[in-house]
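Numbering (the working numbering), first residue to last: 143 to 436.
Positions of the beta carbon are idealized from the N, C-alpha and C atoms, including for glycine.
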Ligand code: RIB
């Protein structure tokens, strides 16, 4: 009898987000006065794991934080969202920090100091994916560790989803083990465009385009466009992560990719209407209510 696979295994980063509101990014040599908007749990991996759990999927997270106060906060965030798996605590490296410039109009620019995230090993990453229906990873942790997670996911029969953020050309070498690739327009361009991604082995490319919605490019099949939900964004930090987490959760529940993209778009819209990369306002009821407006 074949093993029953359930839920989502997320492999990735966890950061403390230090958010400053600014009218625009600072220029080189310039000191810009901003307004401190707060310290929030973040990191693409943690955000996606929380979003997956808040979308209703049994979810576990594999990552590394420091043995410091920020690490405690991030562990509590995961526990509060019912994400399973204990993050490893690094001996010396501090918890990763993201400096988030929240720009007028809801956009952002982010600089990440990886800290403990850089210590996620291939053994950590591959050791926690067995039995998951979907394995979800991003690129804020060492690429060989992401490769190990995707390979182990594939070997165990899971569906593998890679959010190639931040984009690096090394991502192209991973695509043979990726079922669904998620990129925004900047990442897609940095990786050479949709055709190059198909040629490198990504059969399904999900291109997120903010207010212009989402495109699904499957090699040899007409493009599918999913319109965005109309919202007034407050802070788009983590909206893409909510999209990926909800996408993985919905796929783990057995949905078709086209349908999962609608739920994922709803999750991104909910998070973008709140400050910080995570919000308890994201739950299965809120998702269902927004999806029903379509
Ligand atoms: O995608 C948003 C996330 O990117 C932030 O939470 C920040 O930590 C960086 O990882």
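For this session: Alpha carbon to alpha carbon, how far is residue 307 from residue 258? Give it in angstroms, no decimals.
Result: For the purposes of this step, residue 258 is identified with residue 116 of the chain shown, where counting begins at 1. For the purposes of this step, residue 307 is identified with residue 165 of the chain shown, where counting begins at 1. About 18 Å.
Exercise. Any heavy atom of the ligand RIB within a distance shorter than 7 Å of the CB on residue 360?
Worked result: Here residue 360 refers to the residue found at position 218 when the chain shown is read from its first residue. Result no, Cβ not under 7 Å from the ligand RIB.
For this session: Please classify residue 143: is it buried, with 16 or more other beta-carbons within 10 angstroms of its beta-carbon, or exposed?
Result: Taking the first residue of the chain shown as position 1, residue 143 is located at position 1. Low confidence applies here, because residue 143 scores a pLDDT of 46, under 50, leaving its location unreliable and the question unanswered by this model.
For this session: Please name the residue, chosen from 291, 222, 434 and 212, that lies closest to residue 204 on a Cα-to-Cα basis.
Result: In the chain shown, counting from the first residue as 1, residue 204 sits at position 62. Of the listed residues, the one whose Cα sits closest to residue 204 is 291.
For this session: Check whether the region 298-315 touches the region 273-284, taking contact to mean three or more Cβ pairs, one atom from each stretch, closer than 8 Å.
Result: At 8 Å Cβ cutoff, the stretches touch.
For this session: Note down the Cα distance separating residue 405 from residue 392, rounded to an integer number of angstroms.
Result: Translated into positions along the chain shown, residue 405 becomes position 263. Translated into positions along the chain shown, residue 392 becomes position 250. A straight-line Cα-Cα distance of about 7 Å links residue 405 and residue 392.
For this session: Could you tell me whether the region 256-273 touches the region 190-198, using the rule of 3 or more Cβ pairs below 8 Å?
Result: No, because fewer than three Cβ pairs between the region 256-273 and the region 190-198 fall closer than 8 Å, the two stretches do not touch.
Exercise. Looking at C-alpha atoms only, which residue of 435, 378, 379 and 149 is the closest neighbour of residue 225?
Worked result: The residue labelled residue 225 in the question sits at position 83 within the chain shown. Residue 225 has its Cα closest to that of 149, out of 435, 378, 379 and 149.
Exercise. In chain order, what residues of the same chain have a beta carbon less than 6 Å from the beta carbon of residue 180, not counting five sequence neighbours either side?
Worked result: Sequence index remark: in the chain shown, residue 180 carries index 38 (1-based). Around residue 180: 161.
Problem set entry | Residues of its chain near residue 436, where Cβ-Cβ distance is below 7 Å and the 5 sequence neighbours each way are ignored | Start at 1 with the first residue of the chain shown, and residue 436 comes out as number 294. Answer for residue 436: 404, listed in chain order.
Exercise. Along the chain, where does the alpha helix (DSSP H) that runs through residue 382 open and close?
Worked result: Locating residue 382 in the chain shown gives position 240, where the first residue counts as 1. Looking at the DSSP string, the run of the alpha helix (DSSP H) that includes residue 382 is 381-394.
Problem set entry | residue 237 versus 255, 216 and 208, residue with shortest Cα-Cα distance | Your numbering for residue 237 matches position 95 in the chain shown. Looking at 255, 216 and 208, the one whose alpha-carbon comes closest to that of residue 237 is 208.
Exercise. Any residues whose CB sits closer than 6 Å to a heavy atom of the ligand RIB? List them in chain order?
Worked result: Residues flagged by the Cβ proximity filter: 155, 157, 159, 184, 185, 186, 189, 240, 252, 254, 282, 379, 380, 382, 383 and 419.
Problem set entry | Backbone secondary structure at residue 159 - three-state DSSP | On the chain shown, residue 159 is found 17 positions in, with the first residue counted as 1. In the structure shown, residue 159 sits in a strand (DSSP, three-state: E or B).
Exercise. Closest by CA to residue 286, which one among 154, 218, 417 and 322?
Worked result: Position 144 of the chain shown, counted from the first residue, corresponds to residue 286. Distance check between residue 286 and each of 154, 218, 417 and 322 places 154 closest, using alpha-carbon atoms only.
Problem set entry | Element boundaries [beta strand (DSSP E), containing residue 181] | In the chain shown, counting from the first residue as 1, residue 181 sits at position 39. For residue 181, the enclosing beta strand (DSSP E) stretches over residues 177-184.
For this session: Please specify which runs of the beta strand (DSSP E), each continuous and at least 3 residues long, are wholly inside the region 257-317, giving them in chain order.
Result: Segments of the beta strand (DSSP E) lying fully in the region 257-317: 276-279 and 301-305.
Problem set entry | Local Cβ density within 10 Å of residue 394, reported as buried at 16 or more and exposed below that | For this step, residue 394 is matched to residue 252 along the chain shown. Counting Cβ neighbours within 10 Å, residue 394 comes out buried, since at least 16 surround it.
Exercise. Nearest-angstrom Cα distance between residue 182 and residue 164?
Worked result: If you number the chain shown from 1, residue 182 lands on position 40. If you number the chain shown from 1, residue 164 lands on position 22. Going from the Cα of residue 182 to the Cα of residue 164 covers about 17 Å.
Exercise. Curious, which full-length beta strand (DSSP E) runs of at least 3 residues does the region 320-383 contain?
Worked result: If we require 3 residues or more, the beta strand (DSSP E) runs fully inside the region 320-383 come out as 322-326, 346-350, 356-360 and 366-368.
Exercise. Are residue 317 and residue 342 close, meaning C-beta to C-beta below 8 Å?
Worked result: Your numbering for residue 317 matches position 175 in the chain shown. Your numbering for residue 342 matches position 200 in the chain shown. Yes, the pair counts as a contact, with Cβ atoms nearer than the cut-off.
Problem set entry | Per-residue DSSP class, three states only, for residue 410 | Walking along the chain shown from the start, residue 410 turns up at place 268. Helix at residue 410.
Problem set entry | Cross-strand partners of residue 201 (DSSP beta bridge) | Within the chain shown, the letter at position 59 stands for residue 201. The beta-bridge partner set that DSSP reports for residue 201 consists of 150.
Exercise. Who are the Cβ neighbours of residue 423 in its own chain at under 7 Å, not counting the five residues just before and after it?
Worked result: What you label residue 423 is simply residue 281 of the chain shown in a count that begins at 1. Answer for residue 423: 412 and 416, listed in chain order.
Exercise. How big is the Cα-Cα spacing for residue 221 and residue 215?
Worked result: As a working mapping, residue 221 is identified with position 79 in the chain shown. As a working mapping, residue 215 is identified with position 73 in the chain shown. So the two alpha carbons sit approximately 10 Å from each other.
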